[in-house]
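Trainee: At position 20 of the sequence shown the residue is numbered 1491 (my numbering), and the sequence of numbers has no breaks.
The beta-carbon is built from N, C-alpha and C at its ideal position, and this holds for glycine as well.
Keep in mind it's a predicted model, so treat the numbers as computed, not measured.
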Amino acid sequence: MISNLNIFEFLGFLRFFWIFGIFVEFWDFCAVLAFLVEFENVWNGLLGDN
């Protein structure tokens, strides 16, 4: 039978990955947002809409 200490260690381990996943999702969101802003600037430049 698994002791309670091992269960809590496992939950802490999962929580670390959960927080890490949130950071990864946040950086992916920022990267996409920056890409869209850059794309809009390039698109406006191509259209000559300065």
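Distance check for residue 1519 and residue 1486, CA to CA, integer angstroms please.
Mentor: Distance between the alpha carbons of residue 1486 and residue 1519 is about 49 Å.
Trainee: Roughly how many angstroms separate the alpha carbons of residue 1482 and residue 1501, rounded to a whole number?
Mentor: Between residue 1482 and residue 1501, the C-alpha separation is close to 29 Å.
Trainee: Helix, strand or coil: which one does DSSP assign to residue 1492?
Mentor: Residue 1492 falls in the helix class under three-state DSSP.
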